[in-house]
Amino acid sequence: MRLAFILGEIGSGLRRNLSMVISVVLVTFVSLTFVGAAGMLQMQINQMKGYWYDKVQVAIFLCNDSSTSTGCASGAVTKEQQDNLAKMLDSPAVKQYINDYQFESQADAFKHFKEQFSNSPIVDSVTQDQLPSSFRINMKDPQKYQIISETFSSQAGVETVSDQRQVLERIFEWMNGASVAAMVVAGVMIFCAVLLITTTIRLSAFSRRRETGIMRLVGASKTVIQLPFILEGVIAAVVGAVLASGTLWLVAQFWLNGDLSQQFLNTPFISSTQVLVIAPVLIALGGGLAGISSLLTLRRYLKV
Amino acid sequence: MIRFENVTKVYDPNARPALDAVNLEIDRGEFTFLVGASGSGKSTFLRLILKEDRATSGSVYVAGQNVANISSWRVPKLRRGIGVVFQDFRLLPQKNVFANVAFAMQVIGKSRSIIRETVPEVLKTVGLEGKERRMPHELSGGEQQRVAIARAVVNRPGILLADEPTGNLDPITSMGIMGVLDKINQNGTTVVMATHDDDIVNEMRKRVVELRNGVVVRDEAKALYTSMIPVVGESRRMKDASDAEIDRAQGVQQ
């Protein structure tokens, strides 16, 4: 009986305050979409890190005829210098840091280059001698790049030592920045949502002050009086959270795994099922915030 | 049933207390009129019984319990034992007569079958048979007050507090309401009614407690609205008051 009564009260509250309730739904929807987007970006970063960090290497580029750096003053790398570098890589001092290494000759480099830029006209203007040969090193711990760089960059015949991770780091930094920005927007929006929920509950309590006054006088418990208001806020926020989750799922399903994955074939995108992990978090966040802010509002504006 | 022990209530420390060291006992089943001018402390008296306010000093006992010792989560239980009726009826305009009365039972979790059984009975007691489906705006003032009384007593409280229940009603309708309150009192409910209505008090001949400036100045059984015993210095006080009124009016003119 009491449950049916409380449900009826919630229904009438939602109907009476429809425009405010809709605005709460929309604001929580937008704010939680931003929260979810930030979460998705983080997931995407992790996914790409896991995928790329296994593949990226430290490359020691050797001098070729057209090298201009100071280490290459004596011209292209000689066979002797190259053997010397290979010996150094095999020495125990260096070996402890690396899993293995391969030598990529100029011919190999040209082949890879052609594969990588197969769609681009640049392929036609590049010749094999313009590309450097290199040692491709697979690190045990990618963080130890500095040691390899220090050891090899001053050796004769070495043009430069490059850490491919650094290129990726920049992409990840950019993505991280985007997710932080999304969090900031989400924070502002959540603040708006909390204020709006507070105002809505206040209005709702005000418009039903006759009912609550009578409830108080006939001895209704605090729970019976307050619960409909709190649930009103929570329901609106949860609807917003569900909409946000749905939107993020659509984005993952049709944009990331549709358009984008066709454009960037080598990039591992997060799947739409992975996105569903975020949904319960959003719903709990929305419901929790609404519940707490309604409760605090009622404490001030609804005498029981 | 209700006992005030040396109760003082101060709202504003700079003004005189709303109630000043009031001692009073109202027994179970009694019908008591609380009379006095506006601001004499009648409403404060009622509010203290309901624990809407806390006494500044002294103790208020309701049904043997000191209300100061009732924790906030048990206040609803105290209020279930007290029905309240107001001058302005306070009905829910979008609910019909039946729903207004049923509301009081719904919010304390009474079952639907008990509600369906009890509400018509109570409506019969207050003389509203056959008007269950009417909306409040379709009723006269007297009928609306009857609905309010029905709502106040539907949970069978031991005490019924009425704050000027006839304040908005004409004399004949008022007498009808008094008949209802009397009937409820006959059924064993303690009734405390704050009023200005001298005709009613004179007609009913019940206990009269008169408050003036927060002090009980008279407590008489089977009494009239104005005391039969002349109060010493009363005419003098009245004259002072009217002089002050004239001075104030002149001050406004200047």
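If you read the protein sequences in the order shown, they are chains C and G.
The first sequence stops at residue 304 when you use the working numbering, and every number in between is there.
The second sequence stops at residue 254 when you use the working numbering, and every number in between is there.
For each residue, glycine too, the CB sits at the ideal point set by N, CA and C.
Because the structure is a prediction, the values reported are computed rather than measured.
Whole angstroms are fine: how far does the CA of ALA99 (chain G) sit from the CA of MET135 (chain G)?
9 Å
Checklist line | Distance CB(ARG151 (chain G))-CB(ALA104 (chain G)) smaller than 8 Å | finding: yes
Return the residue from the list C:SER74, C:THR198, C:THR247 and C:THR273 that minimises the CA-CA distance to SER23 (chain C).
-> C:THR198
Beta-carbon proximity list for MET306 (chain C), same chain, < 8 Å, skipping 5 on both sides: With chain C covering 1 to 304 only, the question about residue 306 (chain C) has no answer from this structure.
message: Measuring alpha carbon to alpha carbon, tell me which residue in G:ASP219, G:ASN155 and G:GLY176 is nearest GLY127 (chain G).
response: Nearest of G:ASP219, G:ASN155 and G:GLY176 to GLY127 (chain G), Cα basis: G:GLY176.
For this session: Excluding the 5 residues preceding and the 5 following SER67 (chain C) in the sequence, name in chain order all residues of the same chain whose CB lies nearer than 6 Å to its CB.
Result: Short of 6 Å from the beta carbon of SER67 (chain C), and not among the five residues preceding or following it, lie these beta carbons of its own chain, in chain order: GLU159.
- Message: Tell me the DSSP secondary structure of GLU173 (chain C) in three-state form.
- Response: helix
- Beta bridge counterpart(s) of ASP163 (chain C) as assigned by DSSP: C:VAL58
Exposed or buried, which one is PHE229 (chain C) when buried takes at least 16 other CB atoms within 10 Å?
-> buried
ask   = Of the residues that make up the stretch 214-229 of chain C, which ones have a beta carbon closer than 9 Å to any beta carbon in chain G?
value = ILE214, MET215, ARG216, LEU217, VAL218, GLY219, ALA220, SER221, LYS222, VAL224 and ILE225
- prompt: Is it the case that the Cβ atoms of TYR11 (chain G) and ALA21 (chain G) are separated by a distance below 8 Å?
  reply: Annotated as distal: TYR11 (chain G) and ALA21 (chain G), with beta-carbon spacing of 8 Å or more.
Partners in chain G for GLU232 (chain C), counting only beta-carbon separations shorter than 7 Å:
Residues of chain G passing the Cβ test: none, with the nearest at roughly 17 Å.
- request: Output the boundary residues of the beta strand (DSSP E) element that contains ASP259 (chain C).
  value: Following the DSSP letters along the chain, one finds ASP259 (chain C) in no beta strand (DSSP E), marked with neither H nor E.
Helix, strand or coil at MET139 (chain C) [DSSP, three-state]: strand
Go ahead and label ILE26 (chain G) buried or exposed: buried means 16 or more other beta carbons lie within 10 angstroms of its beta carbon, across all protein chains shown. buried
| query | Leaving out the 5 sequence neighbours to the left and right, which residues in its chain are closer than 7 Å to VAL275 (chain C) when beta-carbon positions are compared? | reply | MET40, LEU248, TRP249 and ALA252
**Prompt:** By the criterion of Cβ-Cβ separation under 9 Å, what are the contact partners of ARG210 (chain C) in chain G?
**Reply:** ARG90, LEU91, LEU92 and PRO93
Q.
Could you pull the DSSP bridge partners for VAL84 (chain G) from this structure?
A. According to the DSSP secondary-structure assignment, VAL84 (chain G) is paired through a beta bridge with G:LEU161.
**Q.** Contact set for ASN185 (chain G): own chain, Cβ-Cβ below 6 Å, skip 5 residues either direction
**A.** Excluding sequence neighbours, ASN185 (chain G) sits near PHE31 and VAL191.
Next item on the list: Starting from the beta carbon of ARG2 (chain C), find every residue of chain G whose beta carbon is closer than 7 Å, and list them in chain order.
Entry: Listed along the chain, the chain G residues whose CB falls inside 7 Å of the CB of ARG2 (chain C) are GLY109.
Separation of MET193 (chain G) from ALA221 (chain G), as counted between CA atoms
14 Å
Quick check for students: name the residue ranges of the beta strand (DSSP E) that lie wholly in the stretch 114-167 of chain G, counting only runs of 3 or more. 159-163
Worksheet item: Does the beta-carbon distance from ARG208 (chain C) to GLY13 (chain C) come in below 8 Å?
Response: yes
Taking the C-alpha atoms as reference points, what is the distance between ASP90 (chain C) and GLN82 (chain C)?
13 Å
With 16 as the cutoff for other CB atoms within 10 Å, does ALA37 (chain G) come out buried or exposed?
Exposed, by the Cβ-count rule.
Do MET189 (chain C) and VAL27 (chain C) have their beta-carbon atoms positioned less than 8 Å apart in this structure? yes
| query | How is the alpha helix (DSSP H) around ILE22 (chain C) delimited, first residue to last? | reply | That run of the alpha helix (DSSP H) goes 18-53.
Does DSSP put GLU52 (chain G) in a helix, a strand or coil?
coil
If you reduce the DSSP assignment to three classes, tell me which class LYS144 (chain C) lands in. helix
Simplified DSSP assignment, three categories, for SER57 (chain G)
strand
### Distance CB(THR200 (chain C))-CB(VAL21 (chain C)) smaller than 8 Å
yes
**Asked** DSSP on SER204 (chain C), reduced to helix/strand/coil?
**Response** helix
**Asked** Residues bridged to ALA63 (chain G) by DSSP?
**Response** According to DSSP, ALA63 (chain G) bridges with nothing at all.
For a cutoff of 8 Å on Cβ pairs, would you count PHE269 (chain C) as touching chain G? No, PHE269 (chain C) lies away from the interface with chain G (no Cβ there is under 8 Å from its Cβ).
- request: Mark ASP197 (chain G) as exposed unless 16 or more other C-beta atoms lie within 10 angstroms of its C-beta, in which case mark it buried.
  value: buried
Whole angstroms is fine: what's the gap from ARG202 (chain C)'s alpha carbon to SER294 (chain C)'s? 8 Å
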